[in-house]
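K.L.:
Before I ask anything, here is the structure I am working with.
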Amino acid sequence: MDWFTGVIVYVLIWWIGLFAVLPFFARPVAEPDANTGWRGAPATVRVGRIVLVNTLVAAMLWAGSDLLISSDWLSFRHGVLAMGN
C-alpha cells in the first residue's frame, strides 16, 4: 500500500480504536451526588495514557493489516480469491 493509503488506514484504525480503549482507565467518582445520585464524569481522566495505549494498539493493528494487504495470501489477482477472466 502506498503512503497515503497507509496514513488513511492508520487514522481510521486509531479513531475506531479510541472508542474501544476510552473506558479502560476511567474510574467513576466513589460517592454519588447527594441531590441526584449520579456519579457523573470520572474522577481522574488519564487522557495521555489512553492516547498512548490507543496509538500502540493502532500501530500493531496497522502493521498487521499492512502485511496482510501487501501479501499474496489475500489477493483478488491470483489464488483462491482470484476473479475469473
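All residue numbers for the sequence shown refer to my numbering, where the first residue is 161 and numbers rise by one. From the three backbone atoms N, C-alpha and C, an ideal C-beta is built for every residue, glycine too.
For M161, report the span of its alpha helix (DSSP H) as first-last.
P.N.:
First-last for M161: undefined, no H or E at that position.
K.L.:
Rounded to whole angstroms, what's the CA-CA distance from M233 to L212? Just pull it up for me.
P.N.:
Note on residue identity: the sequence assigns Trp, not Met, to residue 233. Roughly 31 Å separates the two Cα atoms.
K.L.:
Which value, in whole angstroms, describes the spacing of the CA atoms of V171 and T215?
P.N.:
Each residue's Cα considered, the two are about 10 Å apart.
K.L.:
For a test of the three-state rule: what should DSSP assign to R209, helix, strand or coil?
P.N.:
Looking at R209 - three-state DSSP - the assignment turns out to be helix.
K.L.:
Please list, in chain order, all residues of the same chain as A201 whose beta carbon is under 8 Å from its beta carbon, the five residues on each side excluded.
P.N.:
These residues qualify, in order along the chain: V189.
K.L.:
Can you tell me the Cβ-Cβ gap for P177 and D226, rounded? I've got them flagged as a contact below 8 Å.
P.N.:
Here residue 177 is Gly; the residue named in the question, Pro, does not match the sequence. Not a contact, Cβ separation roughly 16 Å.
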